[in-house]
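Colleague: Here our numbering is used: position 376 in the sequence shown is 378, and no number is missing along the way.
Here a beta-carbon is modelled for each residue, glycine too, at the ideal position from N, C-alpha and C.
Computed from a predicted model, the values in this text were never measured in an experiment.
Got a structure for you, questions after.
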Amino acid sequence: MSLLLQINDCQLVKLQQNPEYMTRPKLVKIYDINYTRFSPAKKFRYLFKEPSQYPLDLNNVVGDPIEIKHSTQNNLLHPLLNTYFEDHNEKSLLEEDIDDDDNRNANKVEMTDVYSRRGILERIMGFYYEKNDFSALVSRCNGKLFVVELPQSEDAFERNQSGNNTHHRRFCQITSVVFEICKEPANCYTTLDSSVGKILLYTMPELSDCNDDNIFQVAIHEANLGKYNLHYVARAPAIKVTEASKNDLKNLRDVEFVSTKQMWSSIRDKSTKFLKYWLQSYLSNVRELYIAYKDSKGMVSSPIECWKTCDIPKNYLWKPRVCTTFLNEFLNKVEEIMANINSLDIVFEFAFNTSTRSVTYFKKSGVGFIPKEYADRIQEKIV
């Protein structure tokens, strides 16, 4: 393996003295995920409502849980590639806005497009503070970079599905409302749509949706970092039920996205947990984070705590500028060593070693990770 970079005290100082910041992420598209199938969506399916009664029992899940499948997890790059490398008859207004931004950026500096998933971007950004080793795969073709986390084997993936998502599923059932007109008023949640002065009815979440980890939504985001256009797919955030009238792709820019989490009240390493939460929120333009603290019996006795995403770093020693600047530095180094690569069949594997704070790499051929239906389109302009 060859050394790509290593973070020592001197380099950490440089990262903080010459920071690179990310522009606010823009929402491009939303997709409904149903196992390996995906389809475009125009609205967020789930809305967040705060519980009105406590305590909350996170153990009492209704229905039989279904763990996420290896095939579902591995297929999540498809919606991203479909957004940018398939022909579409029409564009959303948000996509047109992003095209305008691209044109403006093109006049200033030659930008490099990076296609990825939020999960691996989170890990790279938090690498200096990370405690677990991980690896990333990178391909380069037609000046574009494709970055994914080294996937687990199916056996390893299934072993890691420990069945500990019970509390997450129950929290989903308690705090979610489905955005669709309800046919059975007795089973509906009501909210006032201030734009039309009417009471609208929304269904409570279908239990199968909350229990089946293979049914959810993802969002495609785009942000700029230095000379890089970042395009990435992530689990879709939520919006408050009070903003249901704005739940349309054309209006979502005016909506504040929120996210919900539940954690043990006795957790010791809150710094690492909140770094992960902050990175997820930062990359998805989530303004508020709602956290439920549960005791050893899975009971939430205190009201859900609301955090402003921008306030989270004020309480911990980790630095957002280190996270964004390190990602930029990593991409710069990757472009440098892969400058002569123009094939999706050639993949560089990058190993992130947390004990030495170093990143090493090696090249391998014939192991491309981009699906053929998209690879052909990406490579068709090679000259």
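#1: Would you be able to state if there are at least three C-beta pairs under 8 Å between the stretch 296 to 312 and the stretch 51 to 65?
#2: Can you give the Cα-Cα distance for Ser137 and Phe350, rounded to whole angstroms?
#3: Which two residues bound the contiguous alpha helix (DSSP H) that contains Gln19?
#4: DSSP puts Leu58 in a beta bridge; with which residues?
#5: Is Ser155 helix, strand or coil by DSSP?
#6: Taking all protein chains shown into account, decide if Asp157 is buried (16 or more other Cβ within 10 angstroms of its Cβ) or exposed.
#7: Taking all protein chains shown into account, decide if Gln19 is buried (16 or more other Cβ within 10 angstroms of its Cβ) or exposed.
#8: Should the stretch 160 to 179 be called in touch with the stretch 249 to 269, which here means at least 3 C-beta pairs below 8 Å?
#9: Pick from Glu382, Trp266, Tyr230: whose alpha carbon is nearest that of Ser345?
#10: Could you tell me how far apart the beta carbons of Glu331 and Leu17 are, in whole angstroms, since I believe they sit closer than 8 Å?
#11: Going by the beta-carbon positions, is the gap between Arg323 and His223 smaller than 9 Å?
#12: What number of angstroms, rounded off, separates the C-alpha of Ile122 from the C-alpha of Arg161?
#13: Measuring only the C-alpha atoms, how far is Glu151 from Leu139?
#14: Taking Ile217 as the reference, which of Met24, Arg39, Lys28, Pro27 has the closest Cα?
#15: Quick one: is the Cβ of Thr311 within less than 8 Å of any heavy atom of the ligand MG?
#16: Return yes when the Cβ of Val336 is within less than 9 Å of the Cβ of Phe352, no when it is not.
#17: According to DSSP, is Tyr86 part of a helix, a strand, or is it coil?
#18: Shorter than 9 Å from the beta carbon of Phe354 to some beta carbon of chain D?
#19: In terms of DSSP beta bridges, what is Ser286 paired with?
#20: Determine the direct distance from the alpha carbon of Lys321 to that of Asn144, and round the result to whole angstroms.
#21: Since Asn330 is in the alpha helix (DSSP H), which residue starts that stretch and which ends it?
#22: Which residues in the same chain have their Cβ closer than 7 Å to the Cβ of Lys365, if we skip the five residues on either side of it in sequence?
Modeller: Quick look at the numbers:
#1: When C-beta atoms of the stretch 51 to 65 are compared with those of the stretch 296 to 312, three or more pairs fall below 8 Å, so the two segments count as touching.
#2: Each residue's alpha carbon lies about 10 Å from the other.
#3: The continuous alpha helix (DSSP H) containing Gln19 extends over residues 11 to 19.
#4: Partner residues in the beta bridge of Leu58, as assigned by DSSP, are Val302.
#5: The answer is coil: DSSP assigns Ser155 none of H, G, I, E or B.
#6: Looking at its Cβ environment, which holds fewer than 16 other Cβ atoms inside 10 Å, Asp157 is exposed.
#7: Flag for Gln19 reads exposed.
#8: Three or more beta-carbon pairs drawn from the stretch 160 to 179 and the stretch 249 to 269 are found closer than 8 Å, and the two stretches are therefore classed as touching.
#9: Selection Glu382, Trp266, Tyr230 evaluated against Ser345 yields Glu382 as nearest (Cα-Cα).
#10: Distance from Glu331 to Leu17 at the Cβ level is roughly 7 Å; contact confirmed, criterion being Cβ atoms closer than 8 Å.
#11: No, these two residues do not count as a Cβ contact at 9 Å.
#12: Cα atoms of Ile122 and Arg161: separation of roughly 21 Å, rounded to the nearest angstrom.
#13: Cα-Cα distance, rounded: 6 Å.
#14: Out of Met24, Arg39, Lys28, Pro27, Arg39 has the C-alpha closest to the C-alpha of Ile217.
#15: No copy of the ligand MG appears in this structure; indeed no ligand is present at all.
#16: Pairing Phe352 with Val336 gives a Cβ-Cβ distance under 9 Å.
#17: DSSP places Tyr86 in helix when its eight states are reduced to three.
#18: Chain labels in this structure do not include chain D; a single protein chain is all it has.
#19: In DSSP, Ser286 forms no bridge with anything.
#20: One C-alpha to the other measures close to 34 Å.
#21: From DSSP, the alpha helix (DSSP H) with Asn330 extends over 322 to 339.
#22: Excluding positions up to five away in sequence, the list reads Ile348, Phe350.
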